[in-house]
Amino acid sequence: MSLNNYRDEVKEFLIKMGSNNGDNVQKVNWLNEEFDLLKEAVNQCEEDKIRHQLYDMLYLILEIAADNNFDLDEEWDKGRKRKQEKY
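Start counting the sequence shown at 1; every next residue gets the next number (the UniProt record's numbering).
The structure is reproduced here in structure tokens:
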């Protein structure tokens, strides 16, 4: 499944919930909170919590991409090409 498919799935959910507000600042604040929880889970070696926090953070990132109609597949391809050239 492509990254854009996941982005679109998140967008559909946001629309159903009436939560597609595009508030990137709030979502970045939530990402910071989730990152703190991720660090805590890593420090405590709690694999279930680590996986959960990664999911929560990925979902928020996909929300930002959905709100802004970012093409994540295109960006992934660009990043892959840069890495291939560099390494």
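Note that CB positions come from ideal geometry on N, CA and C, so glycine has one too. Small disclaimer: the values here were computed from a predicted structure and weren't measured.
query                                                                                  : result
Nearest neighbour of A66, chosen from L3, M1, S2 and R7 [CA to CA]                     : R7
Whole-angstrom distance between Q44 and N4, CA atom to CA atom                         : 33 Å
Same chain only: Cβ atoms within 7 Å of L31, ignoring 5 sequence neighbours per side   : M57 and L60
Whole-angstrom C-beta distance between S2 and D73, which should lie under 8 Å          : 5 Å
Distance between N69 and E12 (C-alpha atoms, nearest Å)                                : 12 Å
DSSP-derived helix/strand/coil call for Q84                                            : helix
Same chain, Cβ closer than 6 Å to Q84, neighbours up to 5 away in sequence not counted : none
First through last residue of the alpha helix (DSSP H) which encompasses D23           : First-last for D23: undefined, no H or E at that position.
Anticipated Cβ contact below 8 Å, K47 with V10, distance rounded                       : At residue 47 the sequence reads Glu, which differs from the Lys that was named. Not confirmed; about 24 Å, so no contact.
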